[in-house]
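Below is one structure; the comments refer to it alone.
Residue numbers (my numbering), protein chains in the order written: chain Z, 1 to 239; chain F, 1001 to 1100.
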């Protein structure tokens, strides 16, 4: 069983860890000494002695419950959960099928909810834990062409704030990061001129980096952040 | 192997004692109230107890159950009234559950 200290690395779950930001964060926290359990719909694309990959869809409730049963059996605790998995779809809302709405809300909202709920149940037993959800600047910027994605992130922010209140009694913090566009599969299909106009709306006027994301998460995970909960921290100067 | 009702009562009593001001499990009886007037747990204690209880039942029986579902919420009399009614409810759920 992995040893844990109140100030040092412990056991962390990262969803959507096969590639992109999730893979970056997994490798980053492994390097810092954490035991990382990752999951994604596809098989592991990389290996590490302190990385365990589980292939599952976070919208599959029973699969997520089984994942957390195995975390409890194998590691005995969960110190942090990063709800990174998410999907996007870019389209004018008048041209967006309801099926797209359901698909995006299923992964971004229901999936985030299920993972946070199961993480919180482990954390309640140990009376501590950190949950970090993923929002996006698409919501506060009311990004045109991203209506459904932005709405799903609005829901994630609402969940984050309510969960924070409901879990504070157990010393569990729940916060969210709102990244700016970062070069990943999620935005690879966005036309260049669309991206330029988006970046022009950011006070920082440039794309984000994965290092900025890990920097914010380090802040949320810090022992000194025990009373920082229910907060949404955007990158790019977005307020 | 299916847990006997007496074992279920014992598990519930232990979990309730962990979060109650009455710290001894032998001070918890089947009549101990979990909700409403005279309850032995506050709301935080009730949530903690239910989470721990589900975990302990999973450990003891290798079965995964969730106590707070639509079936529980739709009953005219809450199964969470007392230790005894909760034991009855869990006893009724166990034959239907699947391996965790």
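We put the CB at the ideal spot given by N, CA and C, even for glycine.
Check                                                                                                                           : Outcome
Proximal chain Z residues relative to residue 1113 of chain F, where beta-carbon distance stays under 7 Å                       : No statement about residue 1113 of chain F is possible, as the shown extent of chain F runs from 1001 to 1100 and does not include it.
Cutoff 8 Å: residue 1052 of chain F Cβ touching any chain Z Cβ                                                                  : yes
Contact belief for residue 132 of chain Z with residue 176 of chain Z at Cβ below 8 Å, rounded distance in angstroms            : 7 Å
Same chain, Cβ closer than 6 Å to residue 41 of chain Z, five either side skipped, listed in chain order                        : 57
Buried versus exposed call for residue 39 of chain Z [16 or more other C-beta atoms within 10 Å across all chains shown]        : buried
Assigned secondary structure, residue 134 of chain Z (DSSP; H/G/I helix, E/B strand, else coil)                                 : strand
Any chain F beta carbon closer than 8 Å to residue 11 of chain Z                                                                : no
Straight-line gap, residue 144 of chain Z to residue 196 of chain Z (C-alpha atoms, nearest Å)                                  : 14 Å
Segments of 4+ residues assigned as alpha helix (DSSP H) that fall wholly inside the stretch 21 to 106 of chain Z               : 61 to 75 and 98 to 105
is_contact[residue 78 of chain Z, chain F] using C-beta, thresh 8 Å                                                             : no
Identified DSSP bridge partners for residue 189 of chain Z                                                                      : For residue 189 of chain Z, which the question treats as bridged, DSSP gives no partner whatsoever.
For residue 1005 of chain F and residue 1082 of chain F, the rounded distance between their alpha carbons                       : 14 Å
Residue of Z:204, Z:109, Z:122 and Z:110 minimising C-alpha distance to residue 11 of chain Z                                   : Z:122
Other residues of its chain near residue 155 of chain Z: CB distance less than 8 Å, five sequence neighbours each side excluded : 105, 108 and 109
Cβ shell of residue 4 of chain Z (< 8 Å), same chain only, five flanking positions each side left out                           : Residue confidence for residue 4 of chain Z is low, a pLDDT of 46 falling below 50, so the modelled location carries little weight and cannot support an answer.
Proximity test, Cβ basis, 8 Å: residue 119 of chain Z and chain F                                                               : no
Exposure label - residue 86 of chain Z; buried when at least 16 CB within 10 Å                                                  : buried
Buried or exposed (CB count within 10 angstroms, at least 16 for buried), residue 1016 of chain F                               : buried
Any non-hydrogen atom of the ligand FMN closer than 7 Å to residue 1067 of chain F Cβ                                           : No copy of the ligand FMN occurs in the structure displayed, which carries no ligand at all.
Closest residue to residue 187 of chain Z among Z:13, Z:37, Z:129 and Z:88 (Cα-Cα distance)                                     : Z:88
Residue 1068 of chain F, DSSP secondary structure in three states                                                               : coil
Sub-8 Å separation of residue 153 of chain Z and residue 164 of chain Z beta-carbons                                            : no
Cβ neighbour criterion (16 or more within 10 Å) applied to residue 201 of chain Z                                               : exposed
Of the listed residues Z:150, Z:130 and Z:113, nearest to residue 136 of chain Z (C-alpha basis)                                : Z:150
Environment of residue 1068 of chain F [buried if 16+ CB atoms lie within 10 Å]                                                 : exposed
Given 8 Å, three or more beta-carbon pairs between the stretch 213 to 227 of chain Z and the stretch 166 to 174 of chain Z      : yes
Under the three-state DSSP convention, the category residue 1045 of chain F falls into                                          : helix
Alpha-carbon spacing of residue 92 of chain Z relative to residue 115 of chain Z, whole angstroms                               : 30 Å
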